[in-house]
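To start, the structure under review is shown below, and the notes come after it.
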Amino acid sequence: MQIGGSLFLLAVGAILAFAVRDSIDAVDLTMVGYILIAVGALGLIISLIVNGQRRGRDDVPPPRY
Numbered sequence: 001m002q003i004g005g006s007l008f009l010l011a012v013g014a015i016l017a018f019a020v021r022d023s024i025d026a027v028d029l030t031m032v033g034y035i036l037i038a039v040g041a042l043g044l045i046i047s048l049i050v051n052g053q054r055r056g057r058d059d060v061p062p063p064r065y
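Number 11 in full-length UniProt numbering belongs to position 11 of the sequence shown; there are no gaps in the numbering.
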């Protein structure tokens, strides 16, 4: 999951958690929203860590033989 997908999950989760007042039998939309927010935040953190590690490797010049 990349940064854009994580932001999308955060936005959809926030809409479901805070803006939707409808109810569906056997589905709690507020809890689904909170779960999407958590997954989006976790994905965002992981994406930033992976991109930070990848960017750190580019600073090292290749070895000279």
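Each residue gets a CB set at the ideal place from its N, CA and C atoms; glycine is no exception.
Terminal residues of the alpha helix (DSSP H) in which residue i lies
i, result
"residue 17", "3-18"
Proximity of residue i and residue j at Cβ, strictly below 7 Å
i, j, result
"residue 16", "residue 29", "yes"
"residue 52", "residue 36", "no"
"residue 33", "residue 6", "no"
One or two residues paired with residue i in a DSSP bridge
i, result
"residue 27", "24"
Buried or exposed by the 16-neighbour rule on C-beta atoms within 10 Å, applied to residue i
i, result
"residue 9", "buried"
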